[in-house]
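S.K.:
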Amino acid sequence: MENCRKQKILIADDSELNREILSAMLEDEYNIMEAENGIQAVAALSEHRTDIAMLLLDITMPEMDGFAVLDYMNKYHWIEEIPVIVISAEDNPASIKRAYDLGVTDYMGRPFDTTVVRRRIANTLLLYAKQRRLLHIVADQIYEKEKSNQLMVSILSHIVEFRNGESGFHVIHINLITRLLLKRLVQKTDTYMLSNADIALISLASAFHDIGKISIPDEVLNKPGRLTAKEFEIMKRHSMVGADMLHELPVQERNEPLIRVAYEICRWHHERYDGGGYPDGLQGDDIPISAQVVSLADVYDALTSERCYKKAYSHEQAMDMILNGQCGAFNPLLLECLKEIGSTLQEELKINSGTSYGTQEFQDMANQLQAPELVSSERVLRMLEYERQRVQFLTDAAKDIIFFYSESPPLLNLNEPGVLKLGLDKNMTDPMQNPLLLANIPPDSLNRLKDKLGAASPAEPIVQMELEIRIEGELRWNRLICRTLWGAETDERYMGIAGTLIDVHDEYRHITSLKEEIYHYEVENNRLNIIGHERNGHRAVTGKEAWLLMRLLDTVFDAVRLVDASTNYEIHVDRTGTMRKVPYNCYAVWSRDSRCDNCISAKCLSQKSRFEKFEFLGNEIYFVIAYYVEVDGQPCSMEMITRMTEDTLFDGRGKEEVVQAIFEYNKKVYIDSLTGVNNRRYYEEQLRELSGVDAVLFADVDKFKNVNDLYGHQTGDMVLRLIADAICSSVRKSDSVVRYGGDEFIVIFRNIPFHIFKERAMDIQRRIKALSIEEYPDICFSASIGGIYGPGNTAELLQTADEQMYRAKREGCGICLARGEMQ
């Protein structure tokens, strides 16, 4: 069972030794396939493409090299589905560039480092998994949106055509013919520059082409014979009436792309290419392409469909009439397109003379919308709001078992997975009296569900809960997410419920199993409540307990990790409780190249307490909790990380406003308001306990009290600002400058050679001596500087640097530096 859940990696390398090394590194976490050359790799990809999660590819191989494999993957678009990491001793920049140009995700040279290989593979697979998840979400949303659009088009067809007794498929046919014509048109010419989005928009807007017919009297609209000249003039009004209806919409709605295109179609779909149409006598490309296409589609469907005044013509007869000009003049390009899509068009029209929704269902909906007891605007708004709530929720919710319940009359509708998993009919009347349904829901679950639904309201319509449901004969835990649907805010009872059931049984069992494992550990080791028990505000646990604790927290948070903030490294704990440092810095997860300005793990370590903060990664915002814990006696910070959603975080405020507020807060807490460098609090909370520091400088401004006494505190503040700027100009961005006291500054260095440290100290002294104030030329700037080159702990090094500073002040030499033991 465990192997079934492993992802499969294909290793393509002609060296058996290299394949063996990589397999040994990865076989505990992945299923491994091997290929000796490019031909075998392509064969494996072709046969097992849907099972392979990643390809590790060597470049230099016999028969077919790695580049040829990449060419093959690009040709068949496999590169879009399967990430490729090149593993090669080839370090030629041209080869590396070529590999990246062919779509590889990463490039790793030999020899292999186990940790690096595992981490880069895991990161790549995680990235592709998230990408696939996003693609599925987008695809589902597009599918649901398209389905709801098609539903509304079909309803509209019955509303518009209800009065003249037509089949109701005319609007659907126009939509289809328009789409096929436009797709063929963009293949033939780039004259009209239509995108896929434009084609979809015009096709959808075509449904409105005859809405003006709603104003035509029945005796004209449904006349079985030929119209008189006067009657034809009345019929011609429908194009202007429809356009006017759209033009009279509120300005904001009128400017929507769909309405603008629908207006063009309504007004001009009876124009002809030679100017012989109506209402405006436009000709050529003065007629919008949207109206030109719908005009041709309208004529074709009118000819091939039965009407009250004529029988249907065949496709061949209709084409002869159109091409011979019997129906007016059309764009020659569009006529060519119509000829070229002829066979496809006939097949599609056969399929689309029915829809996935029953004709009677649409007719019933149309009848409801035509009900005379409802004012027009009210009935439209009521039905649209009802459909909007239902479709929107089903679009947003996770898809597993999906259901829709109507309160009056009581009717339950299930999707196909629901029918199969629950063993129920797709549609059930009076479901709460159905013995098969009640047998699938234990009484306790049913009672809790009724209580939750009873507490819902128009203001709080969402219900979420976990309950047991019998799925395919087995009681399994499911997460219910549903929305109660309301006709009005004043209603006392909901109209219906739309919802989904998500199987969380394995997750539930995992958490239960984990809690049982923790309980048995506590009993066997005589440890009481390792998860909940605290001593002196923090936990002291063994390595094994830390592993158990982190596994449990992983079920709640997006990420949980141990951090040694004194060295800025993550700590990995395995199942046995063994601890080891991970060979990358803890701040790398935030895409930083130096420690975080507000490192709450450092604070956590220095104060042995709990701290919280927000952290940013690209456009994402994360909430981080750091908790002090001692693991086998080693002080650590346990970081628990959760990605914040905008609804949770911003509460109606703009994202930029919240980000700016967090930035200003951090600035206020840790930045000295006078000089702009870090303050004493930053040192105490972030820097004091750092280990592995290379060097510390301590600078004290000489005779600063005299400046304040003779020139005033405002001038003294100016002196401090200038000195702080001079120090910052002399050090690197990664070095930490702190205003330690009134006229005292410290600089903390990491990863710096002694000779560079010495140069920085001398440069600081030179820059300070070169300072001057134009208004007070007699003020001489100087500072006594002490320094120690470690490495060591910040607090210990600072004490030595302080002693060196006082030595420099006593001896009047300006600067004293020590290296290792005092010299």
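Going by full-length UniProt numbering, the first residue of the sequence shown is number 1, and it counts up by one from there. All residues carry an ideal CB built from backbone N, CA and C; glycine is no exception.
1. If I measure Cβ to Cβ from W486 and keep anything under 7 angstroms in the same chain, skipping five residues before and after, which residues do I get?
2. In angstroms with no decimal places, state the Cα-to-Cα distance between R98 and L475.
3. Quick one: grab the DSSP three-state call for L453.
4. What's the gap between the Cα of R479 and the Cα of T115?
5. Would you list the one or two residues that DSSP bridges to T429?
6. Would you kindly check if the distance between the Cβ of R580 and the Cβ of Y587 is under 8 angstroms?
7. Using 8 angstroms as the threshold, is the C-beta distance between D58 and A12 below it?
8. Mapping the DSSP letters down to three states, classify I768 as helix, strand or coil.
9. Check for me: the beta strand (DSSP E) holding G109 runs from which residue to which?
10. Quick one: using the 10 Å Cβ neighbour count with 16 as the cut-off for buried, is K544 buried or exposed?
11. Measuring CA to CA, which of G103, Q765, H238 is closest to D218?
12. Below 8 angstroms, can you find three or more Cβ-Cβ pairs linking the stretch 304-322 to the stretch 284-295?
13. On the DSSP bridge assignment, give the partners of F623 in chain order.
14. If you check the beta carbons only, do Y107 and I96 fall under 8 angstroms apart?
15. Considering only the alpha carbon of each residue, which of T191, E233, A200, N196 lies closest to I174?
16. What does N37 pair with, by DSSP beta-bridge criteria?
17. Pop quiz: I788 and V719 are said to be a contact at Cβ under 8 angstroms. What is the actual Cβ separation, rounded to whole angstroms?
18. Per DSSP, W477 is paired with what?
19. Per DSSP, what kind of secondary structure is Q292 in: helix, strand or coil?
20. Distance, Cα to Cα, D709 vs P777?
21. Between F749 and V737, which are expected to be in contact by the criterion C-beta below 8 angstroms, what is the C-beta distance as a whole number of angstroms?
22. Which word fits F55, buried or exposed, when buried means at least 16 other C-beta atoms lie within 10 angstroms of its C-beta?
23. Cβ atoms of D51 and K6: under 8 angstroms apart, would you say?
24. Do you know offhand how far P332's Cα is from G276's?
25. Please tell me whether L797 and K758 are closer than 8 angstroms, where the distance is taken between their beta carbons.
26. State the beta-bridge partners of R739 as determined by DSSP.
27. Return the CA-CA distance between S88 and T60, expressed in angstroms with no decimal places.
28. Go ahead and pull the three-state DSSP assignment for S343.
29. Determine the extent of the alpha helix (DSSP H) in which N706 is found, giving its start and end residues.
30. For D101, name the three-state secondary structure that DSSP assigns.
31. Does the beta-carbon distance from V624 to L562 come in below 8 angstroms?
32. Give the secondary structure of F403 by DSSP, where H, G and I count as helix, E and B as strand, and everything else as coil.
33. Using a Cβ-Cβ cut-off of 8 angstroms (strictly less than) and excluding sequence neighbours within five positions of P257, which residues of its own chain qualify?
34. Closest by CA to R551, which one among G342, N440, I497, M640?
35. Pull the bridge partners of T500 from the DSSP assignment, please.
36. For L22 and V560, what's the separation of their Cα atoms in angstroms?
M.R.: By the coordinates alone:
1. P458, P461, Y494, M495
2. 55 angstroms
3. helix
4. 38 angstroms
5. L411
6. no
7. yes
8. helix
9. 106-109 is the span of the beta strand (DSSP E), which, as asked, contains G109.
10. Buried.
11. Nearest to D218 by alpha-carbon distance, out of G103, Q765, H238, is H238.
12. The stretch 304-322 is not in contact with the stretch 284-295.
13. In DSSP, F623 forms a bridge with F614, T642.
14. yes
15. A200
16. BP columns for N37 are empty, so no partner.
17. Actually they are not in contact, since the Cβ atoms of I788 and V719 sit about 26 angstroms apart, beyond 8 angstroms.
18. E468
19. DSSP places Q292 in helix when its eight states are reduced to three.
20. Rounded to whole angstroms, D709 and P777 show a C-alpha spacing of 16 angstroms.
21. Rounded, the Cβ-Cβ distance is 10 angstroms, inconsistent with contact.
22. Before going on, a small fix: residue 55 reads as Leu here, not Phe. With 16 or more other Cβ atoms from the protein chains shown falling within 10 Å of its own Cβ, L55 counts as buried.
23. No, they are not a contact pair.
24. The straight-line gap from Cα to Cα measures roughly 15 angstroms.
25. no
26. F745
27. 8 angstroms
28. helix
29. 704-711
30. helix
31. Result no, Cβ atoms of V624 and L562 do not sit closer than 8 angstroms.
32. strand
33. L201
34. Minimum Cα distance to R551 is reached at M640.
35. I402, I481
36. The alpha-carbon atoms of L22 and V560 are separated by roughly 28 angstroms.
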